[in-house]
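*Asks:* Take this structure first; my questions come after.
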Amino acid sequence: MLLSELDIWFVSEVLPLELSLMRFLRRNWREESDMLDLRQEIYVRIYESAARAIPDQVKPFVFTTARNLLIDRARRAQIVSIETVADLDSLELGVNELTPERHAAGRAELRMLQIALEALPPRCRRVVELRKIEGLSQRDVATQLGITEDTVERQVANGVRALADALLSKGVQLKTKAFGGVLAKKRLLS
Amino acid sequence: MSDAEKIEAIAAEYLARRDNSAWTDENQQALDSWLAESTTHRIAYLRLSHVWQRGDRLSALRSPGPQAKQKIGVTRLPHFSMQRVAAGIVVAVVLGAGWFGWYGLNGDSSPSLHYSTAVGARESVALADGSRLILNTDTRLRAAVNKAGRKVWLEQGEAFFEVAHDSSRPFVVFAGDRRITVLGTRFSVRRHGDEVEVVVEEGRVQVAPQLAQTTVTPTVVTRNQKIVSEGGNVLVVLKPAAQIVNELSWRQGKLVFDQMTLAEAAAEFNRYNVKKLVIADSAVAAMRIGGSFDTGNVVGFTKLLQQGFALTVNDNGAEIKISK
C-alpha cells in the first residue's frame, strides 16, 4: 500500500495519542463495549476532516473530536440522563491531554516491543519472534515449527492485533530507570 | 463482536497474508479495493501495519551466530536437574536445526533484511552488529550482517550510517556502481539515479567502483569531505564542518539552506513531499535563499516566499507553482 501524506500524518501524529484517547473515553463513557466503535468513529472523523485540511495542533483536535462525538452519542441515546450531556458539554480538556506525545525512541521502543512480545500466547509469540527477530519468511517459520503456513498466517494476524492493543491502546509499562522510567511515569499520569 | 472488531479482524487477515511472500497481484487488488471501500477499513489497516512495521526493530535482538546460541544449552548443564539438562538439550537441538536449516537455504549468509521508508518518512534502524542506520525519505535498502561480513545495498534514496567498529568485518555499502568500504565511522550515502553522494561526518571511508576488474584506485574520503560520483567521474569537496552538519540535518527532520538557489531548495523539499513545488520562472529559480525548515513544512516555506520575496504561490491541489 502506498502511504499518502495523510496516512503518514495519521500514523505519526494521531496513533501515538491512542493511549490518552482511550483513557479519555473510559473516563467519560460508561459502556466498555462501545470503546472500539467509538475509537473507530473518532478516527474516521479525524481522518476525513484532515483530508480537507491537516490541523496545526493535533492533540486538541483529536480530543475535541472525541468530546463532540461523545456529546452527539449522548444526545442520540434516549436513556442517557440530561446530567451526562451537561457534563460532557462542560468537559474541559486537561493539561495531560494537551502535552505532546511521541512514539518512544531507540532503546525504550525496543524494550516496549519486547514486553508486548512477551505478553503474547506462546505459539503466537514464537511465530512473531521468528518472523521479526530472526527475519524468517512465513514459509520458513512454518517449516521450522512444523506447522502449516495457514497457521503461521493466522498467528501473525492474532499477533499484530495483540501488539497493537498493547503498544497503542493499553500502553506498555517500562520498569527500567532512566528514559524508560520517565516514560512509564508519564503514561501513568496521562 | 462489534463492527470495529470485525473490520480489525479482516485488516489483520490482509496484513498477515501480505506478510507472506506468496502475496500476488490479485491479493493486492483485493486489498486495494477493500481499503477504498471505507475510511474505517483504511484506518484499521494503517493502524495494524504501523505496529507490524514497528516490530522490525526487534531484529536488533537477533543473536550473533550459532556458537553463541549453543552456549545457552551448555551453560545450563552444570545445574544438576534432569529437567534443566533436558531443556538445555532441547534448546540446543532446536536452535541448531534452525541455524543449519538456515545455512542450507542461504549458503553462508543469514537472510538479508529489507527496510524502506515512504515519502516524507524517516526511520531509525539498528543492525545486529550494533551499527545504526537512519533512512531518509523515500528510501529502500537491504542489509545482510553475519559472520562473513556486513553489507548494505542502498537501492534508492539516502541513509546515514553509524558503523560499529569491527576491524575483522569491514562494513560495505553498495550504491549504484560504487562500493563504499569502512571499518567504523559515521557517514551518509545518497543515491540519485546513477549519481552517488557520500558525506563523511567522522572517520574515513573508501569509495571504489563496484566492478572488481576495474583498475581505478579507490578514493579515500575523510572527515568533513563530500564525494560525488557519476559514471566514471569522481569529485571530492572539502566542506566546512558547519555545512556538513547542515547537509545531515535531515536526521532531525530539518532542511537547512545556506545561500542555496530556490530551484535547489524546491528540489530538496520535493524529496519529502508528495505535492511538488514547481518553479515556473528561471529568474526566480536562481534566487538565493537561506533558512531552516521542517522537511514537511512546505506551507511555511511558501508563505515565507510570498511574504518575504513577494512571489506568487499557486496551489492547484496537485502541485504548488511559484512565480513572479
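Residue numbers (this note's numbering), protein chains in the order written: chain U, 1303 to 1492; chain A, 13 to 336.
Quick reminder that beta carbons are idealized off the backbone N, C-alpha and C, glycines included.
1) In three-state terms, what does DSSP make of A:Asn309?
2) Could you work out which residue in U:Asn1370, U:Lys1434, U:Gln1457 is closest to A:Gln65 when comparing CA atoms only?
3) With 9 Å as the limit, tell me which residues of the segment 1432-1448 of chain U have their beta carbon closer than that to any beta carbon of chain A; keep them in chain order.
4) Along the segment 28-41 of chain A, where does the CB come closer than 8 Å to a CB of chain U? Name the residues.
5) Using 7 Å as the limit for Cβ to Cβ distance, is A:Ala155 near chain U?
6) Please confirm whether A:Ala16 and U:Asp1339 have their CB atoms less than 7 Å apart.
7) Looking at chain A, which residues of the segment 1337-1366 of chain U have a Cβ within less than 8 Å of any of its Cβ atoms?
8) Run through the DSSP bridge pairs and tell me what A:Thr193 is partnered with.
9) U:Arg1428: which of A:Lys18, A:Gly243, A:Leu70, A:Val233 sits nearest, CA to CA?
10) For A:Val310, which residues of its own chain have a beta-carbon under 6 Å away from its beta-carbon, when the five flanking residues on both sides are left out?
11) In chain order, what residues of the same chain lie with their CB nearer than 7 Å to the CB of A:Val248, ignoring the 5 residues before and after it?
12) Please state whether DSSP places A:Val131 in a helix, a strand or coil.
13) Report the neighbours of U:Leu1321 on chain A: residues whose CB is nearer than 9 Å to its CB, in chain order.
14) Contact check, A:Leu323 vs A:Ile334 under 8 Å by CB: the rounded distance?
15) Would U:Ile1373 pass as an interface residue toward chain A - the criterion being a Cβ-Cβ separation below 7 Å?
16) Would you check if there are 3 or more beta carbon pairs closer than 8 Å linking the segment 144-152 of chain A to the segment 170-181 of chain A?
17) Is the beta carbon of A:Val157 less than 7 Å from the beta carbon of A:Ala133?
18) Among U:Gly1461, U:Gln1416, U:Glu1320, U:Arg1325, which has the Cα closest to the Cα of U:Arg1425?
19) Taking C-alpha atoms, which residue in U:Ser1335, U:Arg1328, U:Arg1347, U:Ile1356 lies nearest to U:Glu1315?
20) Do we get a CB-CB distance below 7 Å when we pair A:Val286 with the residues of chain U?
21) DSSP state of A:Trp35, grouped into three classes?
22) Closer than 6 Å: is that where the CB of A:Trp46 sits relative to any heavy atom of the ligand FMN?
23) Using the DSSP secondary-structure output, state which residues sit across from A:Trp165 in a beta bridge.
24) Taking the CB atoms as reference points, tell me whether A:Thr159 and A:Val184 lie closer together than 7 Å.
25) What did DSSP end up calling A:His177 once you bin it into helix, strand or coil?
26) Which residues share a DSSP beta bridge with A:Asp327?
27) Nearest by alpha-carbon distance to U:Trp1371: which of U:Asp1358, U:Phe1326, U:Ala1459 is it?
28) Quick check: what's the CA-CA separation for A:Lys287 versus U:Asp1336?
29) In chain A, what lies closer than 8 Å to U:Leu1470 by C-beta?
30) Kindly indicate if chain U contains any beta-carbon less than 7 Å away from that of A:Ile146.
31) Is the beta carbon of U:Val1430 less than 7 Å from the beta carbon of U:Ala1444?
*Replies:* On the basis of the coordinates in this document:
1) coil
2) U:Lys1434
3) Leu1432, Arg1433, Lys1434, Ile1435, Glu1436, Gly1437, Leu1438, Ser1439, Gln1440, Arg1441, Asp1442, Thr1445, Gln1446
4) Ala28, Arg29, Asp31, Asn32, Ser33, Ala34
5) no
6) yes
7) Leu1338, Asp1339, Arg1341, Gln1342, Tyr1345, Val1346, Tyr1349, Glu1350
8) A:Val184, A:Gln218
9) A:Leu70
10) Phe281, Asn285
11) Thr231, Val233, Gln237, Ile239
12) coil
13) Simply none; closest approach about 13 Å.
14) 6 Å
15) no
16) yes
17) no
18) U:Gly1461
19) U:Ile1356
20) yes
21) coil
22) You won't find the ligand FMN in this model; it holds no ligand whatsoever.
23) A:Arg154, A:Phe186
24) Sequence inspection shows Lys at residue 159 of chain A; the Thr mentioned does not correspond to that position. No, they are not a contact pair.
25) coil
26) A:Ile332
27) The sequence shown places Leu at residue 1371 of chain U, rather than the Trp named in the question. That would be U:Phe1326, whose Cα lies nearest to the Cα of U:Leu1371.
28) 38 Å
29) Arg59, Val63
30) no
31) no
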